[in-house]
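Structure record follows, encoded as structure tokens.
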Amino acid sequence: MLKATLKKLIPGSVWMRLQRIKATHKLAGYSRTQNTRFLKFSANPWNKPNQEELRGQIIYYIHRIEKGLTHGSDFRPGFGQNALQSLHDLLNQWHKAHYPTTDTTYQAAFSIVMAYIEKHQQEHQPLPEFLNALFPVQELEKTEANNTIAGVKTITTREKRHNQDKNFKELFEGRTSIRQFAKEPVDLSTVNQAIELSMKTPSVCNRQSYRVTLVSNPDLIGRILTVQGGWRGYAYPPVLAIITSDVRSFIYMEEHNEPYVDGGIFTMSFLLSLEYEGLAACPLNLMCSDANAAKIRKLASIPDYEVLITCVAIGHFQNQTLVPKSFRYSGSSITRIIR
Ligand SMILES: Cc1cc2nc3c(=O)[nH]c(=O)nc-3n(C[C@H](O)[C@H](O)[C@H](O)COP(=O)(O)O)c2cc1C
Numbered sequence: 003m004l005k006a007t008l009k010k011l012i013p014g015s016v017w018m019r020l021q022r023i024k025a026t027h028k029l030a031g032y033s034r035t036q037n038t039r040f041l042k043f044s045a046n047p048w049n050k051p052n053q054e055e056l057r058g059q060i061i062y063y064i065h066r067i068e069k070g071l072t073h074g075s076d077f078r079p080g081f082g083q084n085a086l087q088s089l090h091d092l093l094n095q096w097h098k099a100h101y102p103t104t105d106t107t108y109q110a111a112f113s114i115v116m117a118y119i120e121k122h123q124q125e126h127q128p129l130p131e132f133l134n135a136l137f138p139v140q141e142l143e144k145t146e147a148n149n150t151i152a153g154v155k156t157i158t159t160r161e162k163r164h165n166q167d168k169n170f171k172e173l174f175e176g177r178t179s180i181r182q183f184a185k186e187p188v189d190l191s192t193v194n195q196a197i198e199l200s201m202k203t204p205s206v207c208n209r210q211s212y213r214v215t216l217v218s219n220p221d222l223i224g225r226i227l228t229v230q231g232g233w234r235g236y237a238y239p240p241v242l243a244i245i246t247s248d249v250r251s252f253i254y255m256e257e258h259n260e261p262y263v264d265g266g267i268f269t270m271s272f273l274l275s276l277e278y279e280g281l282a283a284c285p286l287n288l289m290c291s292d293a294n295a296a297k298i299r300k301l302a303s304i305p306d307y308e309v310l311i312t313c314v315a316i317g318h319f320q321n322q323t324l325v326p327k328s329f330r331y332s333g334s335s336i337t338r339i340i341r
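Residues in the sequence shown are numbered from 3 upward in steps of one, following this note's numbering.
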């Protein structure tokens, strides 16, 4: 009532300015709450590590080592000293805290070290000296860890040939991030078909704010991925999709995270649609600093009213490609039921 009366009395332009000030305060409050939670609970040195934080860090290093193991002719023997040192330190913290050694993450850490050793043996390369100091091989052999959880697996073109005949479970379970592509160029009309299919993605109030920028210029792809930073050690993909969300689709301040939610869901649909079309792909983070985000925006002509969600590297499958196993936790381990 009071609001309606004030609105009638106050000139329109002043009313709008007041609305904007109110919205600014609201947004600042929401950001504060989010920032406080992140600062308080994320796996950072100022927080005392608990089991979940250790898990997050251990899996991060496992993944880094898995990626290093996917290289064939360009394999770098003795790679990953920093990652293996960090893994060693984290496992020590795990022991000190008496967390269970039957835990999947803990077992995966041992498994990745075994895979590292195996890869050096396969490539007829000596193990680096630092490895034995961190993880004495005799000790490793005594552990009862499941040594098949982490490492690499092979993906072949043969298994992708009939993707369009697969049922959802087969297609979904078969999708894997691919970082090494065949030389063959990608027909953009196939990518466009994947985008068409991805339009079935649900979005808040059906706003469909997601946007896709397709980059096929090799020089530009290289420049964008150099700034992105998560594609080191691999040849550039034939096509790079940049997923963004248009904030102009949103109205209320409470919706400020929705572009990211809708953009994220769209990205998953897109990955599955590319898989259906028989194309290989890898999502790539766009969690960059403001300075790097500005560089990517400029390179890819992303307008200011769009927020960066993620990139997707796209190409054709090679006959055989090594990829990280990227083990998964069980669904029950991440589910809470409230009756
Ligand atoms: C949002 C997002 C960002 C990612 N960023 C990168 C990246 O920068 N570099 C990379 O090699 N992989 C990246 N990945 C791929 C993940 O490493 C991969 O999805 C994960 O290990 C699970 O493996 P899978 O996709 O093969 O099932 C990203 C994945 C997602 C969903």
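Where is the CB? At the ideal position from N, CA and C, for every residue including glycine.
Let me have the residue list for ligand 1: C-beta closer than 5 Å to any non-hydrogen atom, ordered along the chain.
T178, S179, G232, P285, L286, N287, T312 and S328
Find the nearest neighbour of V154 within the set A110, L71, A295 and Q210, judged by alpha-carbon distance.
Along the sequence shown, one-based indexing puts residue 154 at 152. Cα-wise, what sits closest to V154 is L71.
Rounded C-beta distance between S200 and F268? I'm assuming under 8 Å.
What you label residue 200 is simply residue 198 of the sequence shown in a count that begins at 1. What you label residue 268 is simply residue 266 of the sequence shown in a count that begins at 1. With a Cβ gap of about 6 Å, S200 and F268 count as contacting.
Report the option in K10, Y212, G235 and Y32 whose CA atom is closest to the CA atom of E198.
By 1-based counting over the sequence shown, the position of residue 198 is 196. Comparing Cα-Cα distances from E198 to each of K10, Y212, G235 and Y32, the minimum goes to Y212.
Report the partner residues of N287 according to the DSSP bridge assignment.
As a working note, residue 287 is residue 285 in the sequence shown. Per DSSP, T312.
DSSP three-state call for A243: helix, strand or coil?
Taking the sequence shown and counting its residues from 1, one reaches residue 243 at position 241. Correct three-state label for A243: strand.
Please name the residue in E186, P187, A184 and T158 whose C-alpha comes closest to that of G176.
For this step, residue 176 is matched to residue 174 along the sequence shown. Closest by alpha carbon: T158.
So L281 and I316 are in contact, right, with Cβ under 8 Å, and what is the actual spacing, rounded?
In the sequence shown, residue 281 corresponds to position 279, counting from 1. In the sequence shown, residue 316 corresponds to position 314, counting from 1. At roughly 6 Å, the Cβ-Cβ gap stays under 8 Å, so L281 and I316 are in contact.
Flag this pair as yes or no: are the beta carbons of A152 and F329 separated by less than 8 Å?
Position 150 of the sequence shown, counted from the start, is the residue given in the question as residue 152. Position 327 of the sequence shown, counted from the start, is the residue given in the question as residue 329. Result yes, Cβ atoms of A152 and F329 sit closer than 8 Å.
Give the list of continuous alpha helix (DSSP H) stretches no shorter than 4 residues that lie fully inside the stretch 146-193.
170-176
Taking Cβ positions, are H65 and P326 nearer each other than 8 Å?
As a working mapping, residue 65 is identified with position 63 in the sequence shown. As a working mapping, residue 326 is identified with position 324 in the sequence shown. In contact: H65 and P326 (Cβ atoms closer than 8 Å).
May I have a chain-ordered list of the alpha helix (DSSP H) segments no shorter than 4 residues that lie completely inside the stretch 50-89?
53-71
Using beta-carbon positions only, say whether S251 and R209 come within less than 8 Å of one another.
Position 249 of the sequence shown, counted from the start, is the residue given in the question as residue 251. Position 207 of the sequence shown, counted from the start, is the residue given in the question as residue 209. Yes; because the gap between Cβ atoms is below 8 Å, this pair is in contact.
Look up F123 in the DSSP assignment and give the residues it is bridged to.
Position 121 of the sequence shown, counted from the first residue, corresponds to residue 123. The question names Phe, but residue 123 is Gln in the sequence shown. DSSP, once it has assigned bridges, lists no residue as partnering Q123.
In the DSSP assignment, the alpha helix (DSSP H) including Y262 goes from what residue to what residue?
Indexing the sequence shown from 1 puts residue 262 at position 260. Segment E260 to Y278, the alpha helix (DSSP H) holding Y262.
Report the three-state DSSP secondary structure of D221 (helix, strand or coil).
Taking the sequence shown and counting its residues from 1, one reaches residue 221 at position 219. Here D221 sits in helix by DSSP.
CB-CB under 6 Å to G265, same chain, minus the five flanking residues each way: which ones, in chain order?
One-based indexing of the sequence shown puts residue 265 at position 263. So the list reads Y212, I245, S247 and I311, once near-sequence residues are dropped.
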